[in-house]
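Colleague:
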Amino acid sequence: MQTRTLGTSGPQTSALGLGCMGMSALYGDTDRGESLATVHAALDAGITLLDTGDFYGMGHNELLINEALRTAPAAARERAQLSVKFGALRTVEGGFTGYDGRPHAVKNFAAYSLQRLGADHIDIYRIARVDPDVPIEETVGAIAELVEAGHVRHIGLSEVGAETLRRAAAVAPISDLQIEYSLISRGIEEAILPTARELGIGVTAYGVLSRGLISGHFNRDRKLAANDFRGMSPRFQGENLDRNLDLVDALRKIAEQKGVSVAQTAIAWVLSRGEDIVPLVGARRRDRLTEALGALDVVLDADDLAAIEGAVPADAAAGDRYPSDQMAHLDSER
1 MQTRTLGTSG PQTSALGLGC MGMSALYGDT DRGESLATVH AALDAGITLL DTGDFYGMGH
61 NELLINEALR TAPAAARERA QLSVKFGALR TVEGGFTGYD GRPHAVKNFA AYSLQRLGAD
121 HIDIYRIARV DPDVPIEETV GAIAELVEAG HVRHIGLSEV GAETLRRAAA VAPISDLQIE
181 YSLISRGIEE AILPTARELG IGVTAYGVLS RGLISGHFNR DRKLAANDFR GMSPRFQGEN
241 LDRNLDLVDA LRKIAEQKGV SVAQTAIAWV LSRGEDIVPL VGARRRDRLT EALGALDVVL
301 DADDLAAIEG AVPADAAAGD RYPSDQMAHL DSER
């Protein structure tokens, strides 16, 4: 497994991480047995970075990871690195009501996560979205105290803009910024990515296949389950979907010429953006994981990159990456 280092203060991780959210929520029905097998397969392949959130399935995802690690070989379990997001407030019905970044809440969230994960520390800990009522300095300061106490190893951030990134880094070392980055989500390139690099902060890129939209496996006739949040995503709606899948068709031609899949091409493009970027792949099945791992062997030369960006230009995507109410929570979009 290839490795990368998250910024100047962060850990060395596998070049790909496994995003585990979809094993518990938001993408329709899940298969516990297949989820566990997929985590085990990822560990066997050398993936070390497992990304989760305490609100994924209201704790279900952390418990799932706990079970996967308990039943994995000891060597794989010891190599595993846990990246955890916190702060999202939920309702019994599954709705989101905001975020809580108060220092005492931060420590409360961490205590519950450590219990559910069956761990004595969290490798990277980050608030999922900035709490608009709490200065980021206070939230980061609370995580820094957890680092001093040995409960957390590194401080991360999620979906923050360049200014917030600077303010947070002035309080304590930040290992990485977790943010959406893909061929059709390139907003970070203007200010956020240059600022992260200036500050020595790595990037863990989620949504590298745009929730399956640019995986090559999504088609216009697919019917989404009622509990699949993509049914509310602007990029999966009507004419937006048609325009976005046209981009995928253009990307498919390039992938076929190289003898690789569309998903492998899209992941390889993110990998090519820099050694300080670690893509998170949201595979829920072993076959999808195997496909994603194949991206590590895809070499994109200058001509390939030019062809890919010609087929899928920056800002070519139709529709926002979240519904409007969720976009409002993104400090990175301000």
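For what it's worth, UniProt numbering labels the leading residue of the sequence shown as 1, then goes sequentially.
Cβ coordinates follow ideal geometry from the N, Cα and C atoms, glycine included.
This one's a predicted model, so the numbers in the text were calculated from it and none came from an experiment.
(1) Can you tell me whether residue 71 is buried or exposed, with buried defined as 16 or more other CB within 10 angstroms of its CB?
(2) Which two residues bound the contiguous alpha helix (DSSP H) that contains residue 106?
(3) With a cut-off of 8 Å, do at least 3 Cβ pairs link the region 194 to 207 to the region 274 to 284?
(4) Kindly indicate the opening and closing residues of the beta strand (DSSP E) around residue 84.
(5) What does DSSP give as the partner residue(s) for residue 278 in the beta ladder?
(6) Give the secondary structure of residue 2 by DSSP, where H, G and I count as helix, E and B as strand, and everything else as coil.
(7) Since residue 45 and residue 82 should fall inside the 8 Å C-beta cutoff, what is the C-beta to C-beta distance between them, to a whole number of angstroms?
(8) What's the call for residue 42, buried or exposed, on a 16-neighbour Cβ count within 10 Å?
(9) Taking the alpha-carbon of residue 151 as reference, which of 111, 248, 238 has the nearest alpha-carbon?
(10) For the beta strand (DSSP E) containing residue 143, list its first residue and its last residue.
(11) Since residue 80 contacts residue 48 with CB under 8 Å, what's their CB separation in whole angstroms?
(12) Tell whether a beta-carbon distance below 7 Å holds between residue 181 and residue 188.
(13) Among the residues of its own chain, which have a CB less than 7 Å from the CB of residue 23, if the five just before and after it don't count?
(14) State the Cα-Cα distance for the pair residue 145 and residue 219, rounded to the nearest angstrom.
(15) For residue 221, which option in 245, 297, 97, 73 has the closest C-alpha, if you only look at C-alpha atoms?
Modeller: Reading it off the structure:
(1) exposed
(2) 103 to 117
(3) yes
(4) For residue 84, the enclosing beta strand (DSSP E) has its first and last residue at 81 to 86.
(5) 204
(6) coil
(7) Not really, about 18 Å apart at Cβ, beyond 8 Å.
(8) buried
(9) Of 111, 248, 238, the residue nearest in Cα terms is 111.
(10) Segment 136 to 148 is the alpha helix (DSSP H) holding residue 143; no beta strand (DSSP E) there.
(11) Taking C-beta atoms under 8 Å as the contact rule, residue 80 and residue 48 qualify, at a distance of about 6 Å.
(12) Yes, the Cβ-Cβ distance between residue 181 and residue 188 is below 7 Å.
(13) 30, 35, 61, 64, 284
(14) 47 Å
(15) With distances taken between Cα atoms, residue 221 lies closest to 245.
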